[in-house]
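Protein chains in written order, with this note's numbering: chain A, 41 to 370; chain B, 41 to 370.
Where a beta carbon is used, it is the ideal one built from N, C-alpha and C, also for glycine.
First up is the structure itself, then whatever we jot down about it.
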């Protein structure tokens with residue numbers, strides 16, 4: 041009997057039936073739709089077959105590949121950097137938004153809106169070389185821990201999305217991150233955490249300049265905005281970096297609306313999907329109103345545009361990688 | 041006897057001795073240096089082994105992968121587009137630099153410098169969608185012919201560099217274009233001509249915006265400079281697009297100096313090289329002074345920096361693909 045089971049498992053495996061590429065996804069319509077899209081676009085002879093060079097899938101990062109509560113993780117990095125560098129900046133004690141950060145009142149620090157955020161970004165991301173910045177992110181990832189889970193931030197990634205990224209790549213898709221987050225910030229961990237190499241990460245950026253410091257060439261980040269990769273900026277960022285329209289797009293907020301719209305309005309088979317944060321117990325529950333990751337227009341238009349709404353609560357049987365097998369951290 | 045030769049060829053082939061990956065390169069120090077760099081960085085156990093994810097090679101385009109005489113080919117495209125669109129622009133008859141272009145005096149048209157060039161670029165590259173622009177480049181490549189060789193412009197590519205690109209990729213290198221040319225212009229032919237996909241093309245660009253036209257999403261190129269990918273801009277473009285420092289860089293002019301400097305000043309094995317246009321008979325002979333592709337500082341500093349100077353005349357036994365086997369044109 042055992043032999044029969046072993047033999048039939050072997051048979052099933054070799055025919056590709058038995059191995060579930062998305063074990064953290066519950067069986068159901070959404071999992072089926074995702075798998076069937078990948079299958080039909082990569083099976084030779086299928087009327088929906090897509091040539092390998094056109095198999096481009098794009099993913100938002102914050103709230104889509106990793107968590108974004110209680111605040112964007114990069115904002116937490118910024119606050120931590122301000123605290124770390126405060127001894128070199130005595131003037132920050134009385135200067136907003138830095139003074140509020142140092143008092144622990146991050147809400148007040150962020151109340152200054154974009155202008156305050158840019159000030160803090162410039163103070164922590166600019167006037168240093170790209171190598172110094174990379175090291176500061178690496179050090180932070182190695183030491184900082186999430187206030188709720190106590191895990192490293194790059195372990196707060198969604199296991200079902202890691203499986204999806206891997207399955208897409210196994211089927212010849214190129215996977216890209218297209219995020220409002222900082223491009224240099226994400227590149228530090230994207231390859232090790234998601235298997236996405238630096239050149240396939242698109243994000244917001246500061247301008248940079250090339251110069252010689254003591255005869256040694258360096259690239260220095262300068263405190264001037266280069267590009268905001270959010271909302272209508274996402275299709276533009278996709279165009280400037282990738283140069284062709286993706287065929288699949290995954291997001292979680294209205295900041296991803298245009299990216300999914302651009303992706304799904306091309307000819308042929310297309311896949312657009314929102315990750316819906318509806319699991320208060322295992323993650324967080326929010327869509328709108330929300331101070332972060334607001335999802336309103338997307339939720340209301342998804343059905344008529346045939347975009348999937350993936351329920352974290354119902355579609356995923358696991359959220360984060362199990363602690364026994366930690367995510368690939370630095 | 042025949043059998044013996046066939047058998048020994050087979051034996052040599054299977055051991056990797058007999059197949060020359062660079063048949064258009066003459067044997068000599070430069071070919072040896074290029075092959076030995078690739079071998080030592082991709083052979084497991086070699087002290088100079090480079091992990092596959094770090095194997096990034098960058099190539100200038102004009103004068104390095106394809107010809108650039110008598111003028112940058114994209115400038116010829118611009119002039120041709122102005123002539124084509126002139127009926128819709130009666131005002132161009134009296135308006136510089138357009139008037140000179142229409143009279144066939146391209147020298148006078150270019151005498152206006154950067155300002156004139158930007159005007160002509162805006163008139164031919166902007167206020168159209170990315171798809172319309174792509175089509176205009178495709179149509180031009182299909183019909184325009186080089187004034188000297190009468191070949192399609194994307195057949196004016198260097199056979200030795202095509203072989204090098206292919207050999208690098210066969211050894212696990214990712215190949216990128218890093219050119220002062222327009223990113224959207226080059227992407228139209230880079231994949232078919234060089235095997236370089238759109239996302240691995242870096243170039244100069246205009247800004248762009250996302251909008252709905254009659255309810256259909258489009259990306260529109262706008263007449264505002266986004267980035268100039270030349271000189272010190274090249275390392276910056278490399279950083280913003282690729283995110284890691286390349287290990288090999290090929291150029292042909294002082295506009296490539298900083299790119300090669302940035303590439304070769306990293307740790308570990310590095311390869312920097314200039315293609316030297318010294319073959320008046322089969323191509324063109326120029327370095328400095330030159331109205332295009334000026335190479336002065338590069339020539340003088342190459343020896344002390346251990347950068348190769350590849351002589352088209354001595355190092356290459358073939359310049360363009362043979363007409364019997366035309367390059368992959370559109």
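Candidates the options: closest to residue i by CA position
i, options, result
"residue 175 of chain A", "A:104, A:334, A:227, A:298", "A:227"
"residue 180 of chain A", "A:81, A:114, A:209, A:161", "A:114"
"residue 281 of chain A", "A:267, A:291, A:271, A:351", "A:267"
"residue 103 of chain B", "B:317, B:346, B:64", "B:317"
"residue 210 of chain B", "B:356, B:78, B:355", "B:78"
"residue 74 of chain B", "B:97, B:188, B:249", "B:97"
"residue 94 of chain A", "A:322, A:218, A:82, A:138", "A:82"
"residue 302 of chain B", "B:218, B:158, B:105", "B:218"
"residue 259 of chain A", "A:359, A:90, A:166", "A:166"
"residue 277 of chain A", "B:67, B:60, B:247", "B:247"
"residue 122 of chain B", "B:188, B:332, B:143", "B:143"
"residue 63 of chain B", "B:105, B:153, B:198", "B:198"
"residue 232 of chain A", "A:221, A:265, A:195, A:245", "A:195"
"residue 106 of chain B", "B:262, B:265, B:193, B:270", "B:193"
"residue 355 of chain B", "B:66, B:61, B:59", "B:66"
"residue 351 of chain A", "A:323, A:315, A:345", "A:315"
"residue 363 of chain A", "A:190, A:223, A:330", "A:190"
"residue 244 of chain A", "A:323, A:270, A:234", "A:270"
"residue 183 of chain A", "A:124, A:324, A:90, A:234", "A:124"
Nonlocal neighbours in the same chain, by C-beta distance under 6 angstroms from residue i, ignoring five residues either side
i, result
"residue 117 of chain A", "180"
"residue 225 of chain A", "114, 177"
"residue 374 of chain A", "This structure cannot settle anything about residue 374 of chain A, because the visible part of chain A is limited to 41 through 370."
"residue 274 of chain B", "218, 298, 299"
"residue 321 of chain A", "none"
"residue 170 of chain A", "259"
"residue 86 of chain B", "80"
"residue 70 of chain B", "348, 350, 355"
Extent of the continuous beta strand (DSSP E) run through residue i
i, result
"residue 316 of chain A", "311–316"
"residue 350 of chain A", "348–351"
"residue 98 of chain A", "96–99"
"residue 291 of chain A", "288–291"
Simplified DSSP assignment, three categories, for residue i
i, result
"residue 49 of chain A", "Because the pLDDT of residue 49 of chain A is 46, which lies under 50, any placement of that residue in the model is unreliable, and the number read from its coordinates should be weighed accordingly. Helix."
"residue 108 of chain B", "coil"
"residue 253 of chain A", "strand"
"residue 338 of chain A", "helix"
"residue 219 of chain A", "strand"
"residue 305 of chain A", "coil"
"residue 245 of chain B", "strand"
"residue 272 of chain A", "coil"
"residue 458 of chain B", "The requested residue 458 of chain B is not part of the displayed model; chain B covers only 41 to 370."
"residue 131 of chain B", "helix"
"residue 261 of chain A", "strand"
"residue 358 of chain A", "coil"
"residue 102 of chain B", "strand"
"residue 229 of chain A", "helix"
"residue 280 of chain A", "helix"
"residue 188 of chain B", "coil"
Beta-carbon proximity list for residue i, same chain, < 7 angstroms, skipping 5 on both sides
i, result
"residue 294 of chain A", "334, 335, 336, 337, 338"
"residue 300 of chain B", "289, 291, 312, 347"
"residue 212 of chain A", "82, 92, 95"
"residue 108 of chain A", "102, 332, 333"
"residue 264 of chain B", "246, 247"
"residue 215 of chain A", "97, 99, 205, 208, 209, 236, 240"
"residue 186 of chain B", "193, 196"
Neighbourhood of residue i by C-beta distance below 8 angstroms, restricted to the same chain and skipping five residues each side
i, result
"residue 146 of chain B", "111, 115, 119, 140"
"residue 156 of chain B", "136, 137, 149, 150"
"residue 127 of chain A", "none"
"residue 249 of chain A", "259, 260, 262"
Extent of the continuous alpha helix (DSSP H) to which residue i belongs
i, result
"residue 160 of chain B", "153–165"
"residue 200 of chain A", "199–210"
"residue 295 of chain A", "From DSSP, residue 295 of chain A is part of no alpha helix (DSSP H); its letter is neither H nor E."
"residue 175 of chain A", "170–183"
"residue 20 of chain B", "With chain B covering 41 to 370 only, the question about residue 20 of chain B has no answer from this structure."
"residue 124 of chain A", "113–125"
"residue 146 of chain A", "146–150"
"residue 141 of chain A", "138–142"
Closer than 7 angstroms: residue i CB and nearest the ligand SAH heavy atom
i, result
"residue 299 of chain B", "For the ligand SAH, the structure offers nothing, since it holds no ligand at all."
Can you confirm whether the stretch 279–286 of chain B touches the stretch 306–317 of chain A when touching is taken to mean that 3 or more C-beta pairs between the two stretches lie within less than 8 angstroms?
Contact fails: fewer than three Cβ-Cβ distances are below 8 angstroms.
At a cut of 8 angstroms, does the stretch 196–206 of chain A reach the stretch 251–267 of chain A through at least three beta carbon pairs?
The stretch 196–206 of chain A vs the stretch 251–267 of chain A: no contact.
Between the stretch 230–243 of chain B and the stretch 126–138 of chain B, do at least 3 Cβ pairs fall closer than 8 angstroms?
Below 8 angstroms, too few C-beta pairs join the stretch 230–243 of chain B and the stretch 126–138 of chain B to call them touching: fewer than three.
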